[in-house]
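Visitor: For reference, each letter of the sequence shown is one residue, going 2 to 98 in the working numbering.
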Amino acid sequence: MANHKLTILATMQLVRNRNVPMLMETYREVTQKIDTALLPLWAEFIGLAHNQLLALRYFEMIRNMFFSRITDNTLHNDFLVMLATEAKGLVLDLKRT
2 MANHKLTILA TMQLVRNRNV PMLMETYREV TQKIDTALLP LWAEFIGLAH
52 NQLLALRYFE MIRNMFFSRI TDNTLHNDFL VMLATEAKGL VLDLKRT
């Protein structure tokens, strides 16, 4: 994650400034590229490979949570692993009910 710190911080600023139309459009373009690249991996990781639409909706929620929680102090791999594990755990819990 340290290798991508600037990209993460720039995207975080796009998220926080979505009220500016140009930044909102840039945010949409960036997230669409990220979604396309990561969705198959994410869906498989959380056990929703059979339901890509649901996996995408959940990914969007987790991404928003990521950007709301990220700080200079939490910008490390352990934070990302913890968030991904927490997200996957919720899906597993829901499947068990």
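Where is the CB? At the ideal position from N, CA and C, for every residue including glycine.
Every value quoted in this text rests on a predicted model; they were computed, and no experiment measured them.
Could you give the DSSP three-state label for HIS51: helix, strand or coil?
Guide: Taking the first residue of the sequence shown as 1, we reach residue 51 at position 50. Judged by DSSP in its simplified three-state form, HIS51 adopts coil rather than helix or strand.
Visitor: What residue does the alpha helix (DSSP H) around ASP94 start on, and which one ends it?
Guide: Stepping through the sequence shown from its first residue, residue 94 is reached at position 93. Counted as a single uninterrupted DSSP element, the alpha helix (DSSP H) harbouring ASP94 occupies residues 78 to 97.
Visitor: Comparing alpha-carbon positions, which option in MET83, HIS51 and GLU45 lies nearest MET66?
Guide: Taking the first residue of the sequence shown as position 1, residue 66 is located at position 65. Measuring from the Cα of MET66, the nearest candidate turns out to be MET83.
Visitor: Ends of the alpha helix (DSSP H) at ARG17?
Guide: Within the sequence shown, residue 17 is the residue found at index 16, counting from 1. ARG17 -> alpha helix (DSSP H) spans 6 to 17.
Visitor: Would MET13 and PHE68 qualify as a contact pair, given that the criterion is a beta-carbon distance under 7 Å?
Guide: Sequence index remark: in the sequence shown, residue 13 carries index 12 (1-based). Sequence index remark: in the sequence shown, residue 68 carries index 67 (1-based). Going by C-beta atoms, MET13 is nearer than 7 Å to PHE68.
Visitor: Can you list, in chain order, the residues of its chain whose CB lies under 8 Å from that of ALA50, leaving out five sequence neighbours each side?
Guide: Locating residue 50 in the sequence shown gives position 49, where the first residue counts as 1. Taking C-beta separations shorter than 8 Å and ignoring five residues to either side along the sequence, the partners of ALA50 in its chain run PRO41, ALA44 and ALA56, following chain order.
Visitor: With the cut-off set at 7 Å, would you say ALA88 and ILE63 are in Cβ contact?
Guide: As a first step, residue 88 must be located in the sequence shown, where it is residue number 87. As a first step, residue 63 must be located in the sequence shown, where it is residue number 62. At a Cβ-Cβ threshold of 7 Å, ALA88 and ILE63 count as neighbours.
Visitor: Buried or exposed: where does ILE71 fall if 16 or more other Cβ atoms within 10 Å of its Cβ makes it buried?
Guide: Working through the sequence shown from its first residue, we reach residue 71 at position 70. By the 10 Å Cβ count, ILE71 comes out buried.
Visitor: Quick one: is ASN47 buried, meaning 16 or more other Cβ sit within 10 Å of its Cβ, or exposed?
Guide: Residue 47 sits at position 46 when you count from the first residue of the sequence shown. The residue asked about is misnamed: residue 47 is Ile in this sequence, not Asn. Answer is buried; the Cβ neighbour count reaches 16.
Visitor: My output table needs one value for VAL31: the three-state DSSP class, helix, strand or coil.
Guide: Taking the first residue of the sequence shown as position 1, residue 31 is located at position 30. If DSSP states are grouped into helix, strand and coil, VAL31 belongs with the helices.
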